[in-house]
Structures are given as structure tokens and as C-alpha cells.
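Peer 1:
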């Protein structure tokens, strides 16, 4: 356990080394919030309404989605795993007495801790400034369940992209594949459009995949759009278990194909 | 002398484009996937507009087809940026790793080489999609008018110059801050936001910032306005040329100034 904590701590230190870069990232985050605020206000101030979303619900949805995006920004597990496989760096991990999946997850957690430290102040400022436009859950139990959903979302997010990255064992150049996966997953998780604004047939597809549990479900819960349903916990837990075993299986199969190319 | 220099730089430009295509052909599967991803990004951008216009008639006074004109202009400008200047996204990595030296030591203008060193030909799909949207926008608003169209093309070129200059200006900060990955995010946010008409910023100060300090308005909004409106806004048309000129020469000066602060990581 200690060695994985050290990996997470190293990730935090590495990120904190470039303080000016952190400041610039915060400015870009701030721009995102300004744009989403004005975009939706300019639509609704003409008396329009998008689906069943009020202005407050729409702004809340995108504010929470932006916060979720922030916490995974730059944490390119697929790209990082893929690069390590393609340039041979993974060999040093294979030769060490560590579990590669746990090693990458520790880095992932370190990155999350760093982002929480850096972005929490600006998130709190935005939530305060937009307090009249933010809808949220009405009781503490929902907040506790949201926290659990968010943790599951983060774990599932890691596992999904770890599996995507593992594909690099079978190809010398997989960045195009990673980018395609990112675009599809971002859409399927509700990162672009709230999923309940899309046609019914899309819901059927979305319900049979894990992606809506990454953003859409926890965000809808946090913004008070939906009430708690036990499926919000059970389904992503099952997906996490399934993805974990699939990741381990693919990693073992991939290692048999691995030739240490790039060393 | 000027002709000789121009010929030399043009030949280098052609060679770099040839290398880009060779790099692209080396991994056909990856190229195909990048192509698919770019196509999906384009389709989803249009879907976002389509879903919203399923419930509304206009955004800040812009009709559906006028907004398509803005999105189309944005896609063309963004496509040109990716096809010609995708190296700008990697400047910070080269500075951090010390690999920029190999580019700077060549006997050619450093800004030219850094700008055109690498391009992503698969992003030409953005330009094609943008052209389709522009045709749709034109046909469903004022129709084809040669005068408007020529002016639109000139303003689009100004948009590319303004965005490129703004990009190189910001990337120059990497010489000081070394890890400039945040700059990539900042530029991405700024570029993406230019696909919405700046009129959505109903607060005058915010709109002023996104027009004159961050030249978002001149990337897509002003060209699309010319393309889809009978009345020509001469004030913004003239300003587009001024902004392109000021940003280009300002960013050139800043690049040269920043370069003096480069301390190679490889030495």
C-alpha cells in the first residue's frame, strides 16, 4: 500500500512544480464558466426553454459537468498507458513488484488530489457567484449518495480509459483510436448535451452502457433533477467490477504480445 | 532578394507539408481513426446546435442558418489552424524536453519553422465540413452574392491571422513557465468559444473583452455576419483588418522577445 501512496504523492509533487501553469489552467476554467453562463442566459432571456430544463437547471447541469471535466482534465489515462506501451517505458513497471493497474490508479488518484487542491477555490467562488442560478439536491442524504456516485464515476472513468489504453499492445500507433473513444465517451456520458434531451432510442442504447454513470447520473443527482434510485449505485458498482476483471485480463493478454519496442 | 527568399520559404513549406503527409500515411489505421474522430466532433457540434434549435428560433438574434454560418466559419478557421499550425500545440513539450533546439538552430526564421513544422492533414475534414455549412448558411439566408462572398473570404483570412497571432503570443509564455500545458487548455477554450456569436455576451464589458482583447469576434462572428446579412457592417469589417495587422506584428515582436529568454533544457 505504501508504494502506491508514494506514487500518488509523486504525482501531486510533479503537478505542483509548475505553479504558473496552474494559474493559467484556472484562467481557462474561469473562461469556461463565463461562456456557459452567457450562452444559456442569452437563450433563456428571450423566453425560450430547452426541453424540461429551466435556466437554473441548465446552468447547474453545465456547471456540474464542467466541474466533473475539471477533475479529469489532463488525466489522460489512455494516452499515458498507450505511450508507455508504445515507447517501451512499461517495461520498468513490468519488472518491478507492482501491479500496473494499481500503479496507474495511484497516479490517477494523485492527479485528482492535486486538481481538488488547485480547483476547489475557483469552484467554490463560481458556486457562490452563481448561487442564484444553481439548483441542487435538497437533503444531506442525497449529497452523501452523490459523493458515492462521484467516487464510482471517477473509478469507472479510470477503468474505461485504462482498457482503451491497453489497446496499444496490439498496435504501434493508437492515438487516433484514443481520440475517437474520447469523443464517443464524452458524448455518451452527457458531456456535450444532457442525455434526456436526446431521442428515446438513444436512451435505450445509453441504458445498456456504463458511460451515463460517468457524468450524467451524478450531475443530475447533484443538481436535484432526479431523486435517488438504488440503481445509481448498484449498476456502476457492477460495471466497475466487470471493467476491473476485463482490464486485468486484457493487460495479461497484451503483455504476452509485448516486445519491448522502443527500448 | 525578396523573390529568392519567398521561393526558399515556399519550398520549405512544401517540403514540410510533404513530410506531414508521409507521416500520416505511415500509420493508415491511426489516420483513419483520427479522421473518424474529427468527423464525429463535427457531427456532434452540429447536433448540439440542432438539438437547441429544436426548442428555439434564434440565439441572441441569430437564426439557425446564421448560426450554422458562424459554426462553418469557425470550422474552416480551426481546420486551417490544425492542418498548418498544429505544431503550436506542442511548443511547450519541446521547450520542456529541450527538443526545440533542433528547430531553432536551423538557418531559417524560427517563427516560420515553429509554426509550420508539423500539421495534421486529417483535419482538412474540418475545412470541408465548414464549407458545406457555409453553403447551407448562404443558400438559406441572403443567397450567393459575389461581393459579400469575397469580403467573407478576406475576413476569414483575417480570422486565421488573428487566431494564429493570438496563439503564438500565448505559446511564447512557455519560454518562462516551461510547462505550458495550461496554455493549450486556454487556447482550446478560447478557440472552441469562437463558434458561438459574440452577441451572446449581452454584457458590454464581457463582449468588449471577447472582441478586442481576445479576438473571438473576428474569427467567426464577423465573417458570418457579412455572409448572411444584406447590410454590411463596415465598421467591424475595417476593424477586422486592423485587428489582424496589430495582432500579427504584436505577436511577432513578442515571439522574438520571448525567444531571448529561452534557456535550453537539453544543454
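Chains as they are written, first to last, in the numbering used here: chain A, 57 to 319; chain V, 18 to 284. Beta carbons: idealized from backbone N, C-alpha and C, even for Gly.
#1: Which residues in the same chain have their Cβ closer than 8 Å to the Cβ of residue 243(A), if we skip the five residues on either side of it in sequence?
#2: Classify residue 76(V) as helix, strand or coil using the three-state DSSP reduction.
#3: Is residue 219(V) closer than 8 Å to residue 227(V) when the C-beta atoms are compared?
#4: Between which two residues does the alpha helix (DSSP H) harbouring residue 208(V) extend?
#5: Name the DSSP beta bridge partners of residue 109(A), please?
#6: Which word fits residue 39(V), buried or exposed, when buried means at least 16 other C-beta atoms lie within 10 angstroms of its C-beta?
#7: By alpha-carbon positions, which one of 271(V), 47(V), 273(V) ends up nearest to residue 138(A)?
#8: Can you check which of these residues, 267(V), 188(V), 169(V), is closest to residue 237(V) by C-alpha distance?
#9: Under 8 Å Cβ to Cβ from residue 293(A), same chain only, skipping five residues before and after it: list those, please.
#10: Is residue 107(A) close to chain B? Criterion is C-beta to C-beta, closer than 8 Å.
#11: May I have a chain-ordered list of the alpha helix (DSSP H) segments no shorter than 4 residues that lie completely inside the segment 144-196 of chain A?
#12: Could you give the first and the last residue of the continuous alpha helix (DSSP H) run that contains residue 245(A)?
#13: Between residue 126(A) and chain V, is the shortest Cβ-Cβ distance under 8 Å, so that the two count as touching?
#14: Name, going along the chain, the residues of the segment 19-50 of chain V whose beta-carbon falls closer than 9 Å to a beta-carbon of chain A.
#15: Thinking C-alpha only, which one of 154(A), 255(A), 247(A), 146(A) is nearest residue 222(A)?
#16: Counting only Cβ-Cβ distances shorter than 8 Å, please list the residues of the segment 227-251 of chain A near chain V, keeping chain order.
#17: By DSSP, does residue 100(A) sit in helix, in strand, or in coil?
#18: Pair every Cβ in the segment 172-192 of chain A with every Cβ in the segment 262-271 of chain A, then say whether three or more of these pairs are closer than 8 Å.
#19: Give the single residue among 212(V), 114(V), 44(V), 148(V) whose Cα lies nearest to the Cα of residue 279(V).
#20: Could you name the residues of chain V that residue 95(A) contacts, counting a contact when the two beta carbons are closer than 7 Å?
#21: Classify residue 281(A) as helix, strand or coil using the three-state DSSP reduction.
#22: Just to confirm, are residue 45(A) and residue 207(V) a CB contact at a threshold of 8 Å?
#23: Is the segment 102-118 of chain A in contact with the segment 204-218 of chain A, if contact means three or more CB pairs nearer than 8 Å?
#24: Is there a Cβ of chain A sitting closer than 8 Å to that of residue 279(V), yes or no?
#25: Taking the C-alpha atoms as reference points, what is the distance between residue 214(V) and residue 99(A)?
#26: Please state if the CB of residue 163(A) and the CB of residue 64(A) are separated by a distance shorter than 8 Å.
#27: By the criterion of Cβ-Cβ separation under 7 Å, what are the contact partners of residue 76(A) in chain V?
#28: Taking Cβ positions only, does residue 88(A) come closer than 8 Å to chain V?
Peer 2: Walking through what the data contain:
#1: Leaving aside the five residues that flank residue 243(A) on each side, the residues in its chain whose CB is nearer than 8 Å to its CB run, in chain order, 249.
#2: Shown here, residue 76(V) sits in a strand according to DSSP, grouped into three states.
#3: Note that the C-beta distance between residue 227(V) and residue 219(V) is not below 8 Å.
#4: Unbroken alpha helix (DSSP H) run through residue 208(V): 198-210.
#5: Its beta-bridge partners are 106(A).
#6: Residue 39(V) should be labelled exposed.
#7: Of the candidates 271(V), 47(V), 273(V), the one whose C-alpha sits nearest the C-alpha of residue 138(A) is 47(V).
#8: Closest option to residue 237(V), Cα to Cα, is 169(V).
#9: Once the five neighbours on either side are set aside, the close Cβ partners of residue 293(A) are 208.
#10: This model lacks chain B altogether; the protein chains it does include are A and V.
#11: 146-151, 156-185, all fully within the segment 144-196 of chain A.
#12: That residue, residue 245(A), is in no alpha helix (DSSP H); it is neither H nor E in DSSP.
#13: For residue 126(A), the answer is no, since every Cβ of chain V falls outside 8 Å of its Cβ.
#14: Taking 9 Å as the Cβ-Cβ cut-off against chain A, the residues of the segment 19-50 of chain V that qualify are 43, 44, 46, 47, 48, 49, 50.
#15: With respect to the C-alpha of residue 222(A), the residue from 154(A), 255(A), 247(A), 146(A) having the closest C-alpha is 146(A).
#16: If the cut-off is 8 Å between Cβ atoms, the segment 227-251 of chain A has 227, 228, 229, 230, 231, 232, 233, 235, 236, 238, 239, 240, 243, 248, 249 near chain V.
#17: If DSSP states are grouped into helix, strand and coil, residue 100(A) belongs with the helices.
#18: Three or more Cβ pairs closer than 8 Å define a contact, and the segment 172-192 of chain A falls short of that threshold against the segment 262-271 of chain A.
#19: Ranked by how close their Cα comes to the Cα of residue 279(V), the residues 212(V), 114(V), 44(V), 148(V) have 114(V) in first place.
#20: Residues of chain V passing the Cβ test: 213, 217.
#21: Reduced to three states, the DSSP call for residue 281(A) is coil.
#22: This structure gives no information on residue 45(A), because the portion of chain A shown stretches from 57 to 319.
#23: Contact between the segment 102-118 of chain A and the segment 204-218 of chain A is absent, because fewer than three Cβ pairs lie under 8 Å.
#24: False, the Cβ-Cβ gap to chain A never drops below 8 Å.
#25: If you take the alpha carbons of residue 214(V) and residue 99(A), they lie about 12 Å apart.
#26: The answer is yes: Cβ separation under 8 Å.
#27: Think of a sphere of 7 Å around the beta carbon of residue 76(A): the chain V residues whose beta carbon falls inside it are 194, in chain order.
#28: Yes, its Cβ sits closer than 8 Å to a Cβ of chain V.
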